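Per this note's numbering, residue 38 is the first one in the sequence shown, and the count goes up by one each step. To keep things clear, I will list the structure first and then write my remarks on it.
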Amino acid sequence: IHGYEIIQDIDSKTEGAWRPGAGSLYPILKKLVSEGLIKADPEPSNEATRRVYQITPKGVESLAHAKEMFANFQQRFGSLRRLFIELIDPENLATFFVDGSNRQFQMAQEMLESKQSKLSPADLGYILKEYTLNLEKQMNWANRMSNRSRSKVIPTARQKTSKPR
Numbered sequence: 038i039h040g041y042e043i044i045q046d047i048d049s050k051t052e053g054a055w056r057p058g059a060g061s062l063y064p065i066l067k068k069l070v071s072e073g074l075i076k077a078d079p080e081p082s083n084e085a086t087r088r089v090y091q092i093t094p095k096g097v098e099s100l101a102h103a104k105e106m107f108a109n110f111q112q113r114f115g116s117l118r119r120l121f122i123e124l125i126d127p128e129n130l131a132t133f134f135v136d137g138s139n140r141q142f143q144m145a146q147e148m149l150e151s152k153q154s155k156l157s158p159a160d161l162g163y164i165l166k167e168y169t170l171n172l173e174k175q176m177n178w179a180n181r182m183s184n185r186s187r188s189k190v191i192p193t194a195r196q197k198t199s200k201p202r
């Protein structure tokens, strides 16, 4: 893959939210080459300046470690959610809630569809069953909240779990 293709791939996958410039990408690629994580070979053509980048076995190992760290990050991020909740003003809650819910669904859908061919039927079935159960829990909660809002009595999670004194 060429550097320009990496820039295009990042731009496409982030829907334009991040488009690294050549001035930031190529120093990173140079560092990865010096660390032995990727190799850069001149393209077999007349253009001696174009390089083809390829991951090395050391890079594959490093990537596996990074993927593991990313998986663990999800758990740590969940622990920090109360801090983020405090930062959201009530007037922004509707947009945050609806947009966040839509983005979460899109991410789950894209992730599962892109990895589906690499999953066993049993694993795929398990994932979909658990996802369905979670959606049912969310629907039940949303329906309860909606019904309570009609009567203007919406207990918070803390109120539901606290015991009378």
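Glycine is no exception: its CB is placed at the ideal position from the N, C-alpha and C atoms. Model, not experiment: these values are computed from the prediction.
Using beta-carbon positions only, say whether glycine 96 and isoleucine 75 come within less than 8 Å of one another. Pairing glycine 96 with isoleucine 75 gives a Cβ-Cβ distance under 8 Å.
Which residue from Gln146, Arg181 and Gln91 puts its Cα closest to that of tyrosine 168? Cα-wise, what sits closest to tyrosine 168 is Gln146.
Rounded separation between arginine 56 and tyrosine 41 - CA only: Looking at the backbone, the Cα of arginine 56 and that of tyrosine 41 are separated by about 11 Å.
Which residues mark the beginning and the end of the beta strand (DSSP E) in which proline 79 is found? 75-79 is the extent of the beta strand (DSSP E) around proline 79.
What did DSSP end up calling isoleucine 44 once you bin it into helix, strand or coil? Isoleucine 44 falls in the helix class under three-state DSSP.
According to DSSP, simplified to helix, strand and coil, what is arginine 202? With a pLDDT of 49 at arginine 202, under the threshold of 50, the modelled position of this residue cannot be trusted; read the value that follows with caution. If DSSP states are grouped into helix, strand and coil, arginine 202 belongs with coil.
Between Phe107, Lys67, Leu124 and Glu72, which has its C-alpha nearest valine 89's C-alpha? Cα-wise, what sits closest to valine 89 is Lys67.
Helix, strand or coil for arginine 88 per DSSP? Three-state result, arginine 88: strand.
Rounded separation between leucine 165 and asparagine 177 - CA only: Rounded to whole angstroms, the gap between the alpha carbons of leucine 165 and asparagine 177 is 18 Å.
8 Å Cβ shell around isoleucine 47 - same chain, five flanking residues per side excluded: Cβ within range, chain order: Trp55, Arg56 and Pro57.
Opening and closing residue of the alpha helix (DSSP H) in which serine 186 lies: Bounds of the alpha helix (DSSP H) holding serine 186 are 158-187.
Check for me: the alpha helix (DSSP H) holding glutamine 146 runs from which residue to which? Element bounds for glutamine 146: 127-152.
Boundaries (first-last residue) of the alpha helix (DSSP H) holding glutamate 105: Here the alpha helix (DSSP H) through glutamate 105 covers 94-116.
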